[in-house]
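The sequence shown begins at 1 in the UniProt record's numbering and counts up by one.
Here the structure comes first, spelled out in structure tokens, and everything after it is commentary.
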Amino acid sequence: MHSPWFDSTFPQPLNFGAIGTLIGHEISHGFDSSGFHFDENGDRIDQKDVDKETYKKMEERFECFIEQYNNYENNKLRPNTRFTLSENIADNAGIRASYKAWKLFTTSQRKFKNLENSLNKFTDEQMFFIGNAFTYCSVMTEEDANNYAKTDNHAFPKARVNLPLSNFQAFANAFECPSGSKMNNNEQKCQLW
1 MHSPWFDSTF PQPLNFGAIG TLIGHEISHG FDSSGFHFDE NGDRIDQKDV
51 DKETYKKMEE RFECFIEQYN NYENNKLRPN TRFTLSENIA DNAGIRASYK
101 AWKLFTTSQR KFKNLENSLN KFTDEQMFFI GNAFTYCSVM TEEDANNYAK
151 TDNHAFPKAR VNLPLSNFQA FANAFECPSG SKMNNNEQKC QLW
């Protein structure tokens, strides 16, 4: 394991924001738009066995994500959001699960290692989210982006950072994003759980 996912010299919020979110992302696949259709043994659940109201609410929440990712930056080049739905949900759930784990950790472990000088200006809350965003840093040529949009089942890295964070009030609070701004618009927030 190495940075940006984990580094023993990093402050804990960076590690939780990075590797914690990845772990939360992978676990959440058991409950996303694909995992929702299977039981604890991995057997497919017959749709008629699912409570109709529960199924309807899940479908409404899935549609919220589809619409949000379709409208992100009104960009003509983007992956098919129905194809990326499972990954988009996992990105959103992963950051929430990791944030909760980090908050639980901080209540039992009050002291962190000394922060590097370059990180002193950030709060622990902000470093958690920086750690998450750091894992998606990438550069793509136009050709890479075209191939990615056609073949990858993930949204583009920028969307994988900005949309889950814009859906998460703890991020808006940490960075004091004004209400109604791009990163804190309550009318456009999606949440599965």
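Yeah, the Cβ is synthetic: ideal placement off N, Cα and C, and Gly gets one too.
Here the region 152 to 166 lies against the region 78 to 94, with 3 or more beta-carbon pairs under 8 Å apart. Here phenylalanine 38 is exposed. Its C-beta has fewer than 16 other C-beta atoms within 10 Å.
Under the three-state reduction of DSSP, asparagine 147 is assigned to helix.
For phenylalanine 38, DSSP records a beta bridge to Arg44. By the C-beta criterion, the region 8 to 26 is judged to be in contact with the region 130 to 139, since at least 3 inter-stretch pairs fall below 8 Å. Residue burial annotation: serine 166 is buried, with at least 16 other C-beta atoms found within 10 angstroms of its C-beta.
In the DSSP assignment, alanine 174 falls within the unbroken alpha helix (DSSP H) covering 169 to 174. In the assembly as shown, aspartate 144 is an exposed residue. Its beta-carbon has fewer than 16 other beta-carbons within 10 Å.
In terms of CA proximity to glutamate 59, Ser34 leads the group Pro79, Ser34 and Lys76.
The beta strand (DSSP E) runs lying completely inside the region 76 to 104 and spanning 3 residues or more number zero. The C-alpha of phenylalanine 156 is placed about 17 Å away from the C-alpha of alanine 93.
In the DSSP assignment, glycine 24 falls within the alpha helix (DSSP H) that extends over 21 to 28.
Between the C-alpha atoms of asparagine 173 and asparagine 147 there is a straight-line separation of about 36 Å. For the pair asparagine 41 and phenylalanine 65, the CB atoms are not nearer than the 7 Å cut-off. For valine 161, the enclosing alpha helix (DSSP H) has its first and last residue at 157 to 166.
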